[in-house]
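J.: Next up is a structure, given as structure tokens.
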Amino acid sequence: MLEIRDLHVQFHTSDHEAVRGIDLKVDDGEIMGLVGESGSGKTVTAMMVAGLLQSDRVKTKGQILLDGEDLLRADGDDLRRRQGKDICVVFQEPMSALNPVMRIGPQVEECLRVHTKLSKAERRELALQAMRDVDLDDVEEVYKKYPHELSGGMLQRVCIAAAIVSRPRLLLADEPTTALDVTIQAQILELLKRLNRERDMSILFISHNLNVVRKLCTRVAVMERGLIVEEGETDQVFHRPQAPYTQRLIAAIPTRRKIDG
Amino acid sequence: MSERRRNLYLRVGLAITGVITLLAVLGCFWTPYDPSAMNSAEMYASPSLRHLFGTDNFGRDVFSRVMKGVSTTYLISLATVALGAAVGVVVGALTGYFGGVIDDILMRVNDAVTAFPSILLALVFISLLGFGKYNVILALGVAFIPSYARVVRSEFARHREMNYVKSAHLMGATHRRIMFVHILPNTRAVILPTLVIGFNNAVLAEASMSYLGIGVRSPDVSLGYMLSESQSYMSSAPWYVLCTGMTIVLLILGFSLVGEGLQQEGR
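Chains A and B, in that order, give the protein sequences. In terms of numbering that gives the first Met the number 0, the first sequence is residues 0 to 260. In terms of numbering that gives the first Met the number 0, the second sequence is residues 0 to 266.
Put into structure tokens, the structure is as follows:
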């Protein structure tokens, strides 16, 4: 459904390209992992797909096709119709991804308010349903709260609820578990897996944490300095890494034996 | 700052402001005496139960005139703030949110307006438009736009880069919706005190304009107008100038305390 073809991205403020020609495909219903170190271009790629980097800040080349339609050439209105309906994003920091002075409920409904003509009661019902789907308890209570009254894990669930409420087909998850502690991390990963299965929603999962990617993704692409150096089935990439960079990355995963010395 | 102290600011401020607001509202409908009725039998009467603030050189009741004056000053200041803030918020929102060329153009205009002292700017306006309280409102309102625009702009520029704004953008919200539904409520902690300070400046600016004789004209009375009137009788009717001056001081003190209290509350 999503296909990136020979994408180049260069910031106007920089003299080299942040993304230097990558090809990437995300099929219907799969969880694609995009891994790489900081500055390897993985977030820039995601932001391009989401349409968050406008042409006044970057120079681009190549194509980003959603169902065969080029998002880079789409005009503003068309893109807005796509965003939120077909593509949604979950950010790394749940605290800053929510408006601090708006109650949770209206924020989860935002997508519906922009894209549908549902009545207030219908929107509320869908929002509550989405919040139940992400395993929040007491949704009626949470609906009325402000972001600062919730914990980080709950906030990330709220963000996911806001992202899935209008049933997008592709979820971009930009390091959604990095800011959370390990137990919550595992729960969020389970949740993403379940949503992927139940809602038939593709996920492009961006992370620098190889263990997380290994648990979650069906396929994985490794980025290094703006290029994809390896791509394939998760098992294959982890067991028989081809590119030297991937081998080094995998060797760097801390294991129990290494820690014991 | 302790909880109690900051509440004290707000409470004292609200008390003073409340009394004066009451006088101002009342002054629109009712005053103990007709504020411009002369009475030759009671010229220069000192404060008494009959005339709380005494009478002036024409035997007019100073308390009634202060009530009328406060309501005029109040009205002009409120309207000035409303005009300045409405335009200032829109300009600030546009420049801060979009940046780029719009920002450059509007902010240079802003700088140009700021470069003139506001009284001078108001003077130019009055000489173009003529006297009267509505022209004072317009003149001061325009002169005050930049101060609001600047504050709002910096807040919008700060919030523009935040993830919740990106997220709203992603969900397909329009720029207008993001600016006024998402960002604007977030800036209230900064805007509210600015409005209060702006109100104080408007009171002072109106008073100085009327004092200089380029503000409201008789039969309208405003505090500044009364101040210029009363200074000739400072020795024969000191209560006139004192009561008028004290009212201006209290009006500003009250609002400053409210502003200070609000600012503490916002932290």
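Every residue, glycine too, gets a C-beta built ideally from N, C-alpha and C. It should be emphasised that the depicted structure is a prediction, and the values quoted were computed from it without experimental measurement.
1. Which residues in chain B sit within 8 Å of A:D55, going by Cβ to Cβ distance?
2. Could you tell me the distance, in whole angstroms, from the CA atom of B:I15 to the CA atom of B:G53?
3. One question on the structure: do B:V135 and B:E205 come within less than 8 Å of each other, judged by their Cβ atoms?
4. Listing by chain order, which chain B residues have their CB less than 9 Å from the CB of A:G83?
5. DSSP three-state call for A:Q186: helix, strand or coil?
6. Between which two residues does the beta strand (DSSP E) harbouring A:C87 extend?
7. According to the neighbour-count rule (16 or more other Cβ atoms, all chains shown, within 10 Å of its Cβ), is B:G91 buried or exposed?
8. For the alpha helix (DSSP H) containing A:T42, list its first residue and its last residue.
9. Short check: CB of A:C158 to CB of A:V89, under 8 Å?
10. Pop quiz: B:Y8 and B:G260 are said to be a contact at Cβ under 8 Å. What is the actual Cβ separation, rounded to whole angstroms?
11. Quick check: the region 3-15 of chain A against the region 48-64 of chain A, are at least 3 beta-carbon pairs closer than 8 Å?
12. Taking B:L82 as the reference, which of B:H174, B:A156, B:L194 and B:D219 has the closest Cα?
13. Examine chain B for any beta-carbon lying closer than 8 Å to the beta-carbon of A:P240, and answer yes or no.
14. How many angstroms separate the CA atom of A:G260 from the CA atom of A:P253?
15. Contact between the region 103-116 of chain B and the region 170-190 of chain B is defined here as three or more beta-carbon pairs at a separation below 8 Å; is this criterion met?
16. Which residues bound the alpha helix (DSSP H) around A:I205?
17. Is it buried or exposed, A:Y142, if we count other Cβ atoms within 10 angstroms and call 16 or more buried?
18. Can you check which of these residues, B:P237, B:F97 and B:L241, is closest to B:A267 by C-alpha distance?
19. What are the uninterrupted segments assigned as alpha helix (DSSP H) that are 4 or more residues long and contained completely in the region 65-126 of chain A, given in chain order?
20. Hey, A:L203 and A:L33 are a contact pair by Cβ (cut 8 Å); roughly how many whole angstroms apart?
21. May I have the straight-line CA-CA distance separating A:V219 from A:G231, to the nearest angstrom?
22. Since B:G95 and B:R152 are thought to touch, with beta carbons under 8 Å apart, how far apart are those beta carbons, to the nearest angstrom?
23. Just mark B:F57 as buried or exposed, buried being the case when its beta carbon has 16 or more other beta carbons within 10 Å.
T.: If we stick to the structure as given:
1. Working through the first sequence from its first residue, we reach residue 55 of chain A at position 56. Within chain B, the residues near A:D55 are G99.
2. Taking the second sequence and counting its residues from 1, one reaches residue 15 of chain B at position 16. Taking the second sequence and counting its residues from 1, one reaches residue 53 of chain B at position 54. Answer to the nearest angstrom: the Cα atoms are 22 Å apart.
3. Here residue 135 of chain B refers to the residue found at position 136 of the second sequence. Here residue 205 of chain B refers to the residue found at position 206 of the second sequence. The answer is yes: Cβ separation under 8 Å.
4. For the purposes of this step, residue 83 of chain A is taken as residue 84 along the first sequence, with counting starting at 1. Residues of chain B passing the Cβ test: L169, M170, G171 and A172.
5. By one-based count along the first sequence, residue 186 of chain A stands at place 187. Of the three classes helix, strand and coil, the one that applies to A:Q186 here is helix, per DSSP.
6. One-based indexing of the first sequence puts residue 87 of chain A at position 88. Start and end: I86 to V89.
7. Within the second sequence, numbered from 1, the residue matching residue 91 of chain B stands at position 92. B:G91 should be labelled buried.
8. Translated into the one-based positions of the first sequence, residue 42 of chain A becomes position 43. K41 to A49 is the span of the alpha helix (DSSP H), which, as asked, contains A:T42.
9. Counted from its first residue, the first sequence places residue 158 of chain A at position 159. Counted from its first residue, the first sequence places residue 89 of chain A at position 90. Going by C-beta atoms, A:C158 is nearer than 8 Å to A:V89.
10. Mapped onto the second sequence, residue 8 of chain B falls at position 9. Mapped onto the second sequence, residue 260 of chain B falls at position 261. Contact holds; Cβ gap of about 4 Å.
11. yes
12. Within the second sequence, numbered from 1, the residue matching residue 82 of chain B stands at position 83. Minimum Cα distance to B:L82 is reached at B:L194.
13. Indexing the first sequence from 1 puts residue 240 of chain A at position 241. It does not; no Cβ of chain B falls within 8 Å.
14. Taking the first residue of the first sequence as position 1, residue 260 of chain A is located at position 261. Taking the first residue of the first sequence as position 1, residue 253 of chain A is located at position 254. Here the model assigns A:G260 a pLDDT of 48, short of 50, so the residue's position is not dependable and the matter cannot be decided.
15. no
16. As a first step, residue 205 of chain A is located in the first sequence; it is residue number 206 there, counting from the start. Element bounds for A:I205: not the alpha helix (DSSP H) but the beta strand (DSSP E), S201 to S206.
17. Against the first sequence, residue 142 of chain A aligns to sequence position 143. By the 10 Å Cβ count, A:Y142 comes out buried.
18. No answer is possible for residue 267 of chain B: it lies beyond the span of chain B, which begins at 0 and ends at 266.
19. 75-81, 93-96 and 103-114
20. As a first step, residue 203 of chain A is located in the first sequence; it is residue number 204 there, counting from the start. As a first step, residue 33 of chain A is located in the first sequence; it is residue number 34 there, counting from the start. About 6 Å; that satisfies the 8 Å criterion.
21. As a position in the first sequence, residue 219 of chain A is number 220, starting the count at 1. As a position in the first sequence, residue 231 of chain A is number 232, starting the count at 1. Distance between the alpha carbons of A:V219 and A:G231: 6 Å.
22. Here residue 95 of chain B corresponds to residue number 96 of the second sequence, with the count starting at 1. Here residue 152 of chain B corresponds to residue number 153 of the second sequence, with the count starting at 1. That belief holds up - the Cβ atoms of B:G95 and B:R152 are roughly 4 Å apart, short of 8 Å.
23. On the second sequence, residue 57 of chain B is found 58 positions in, with the first residue counted as 1. Exposed.
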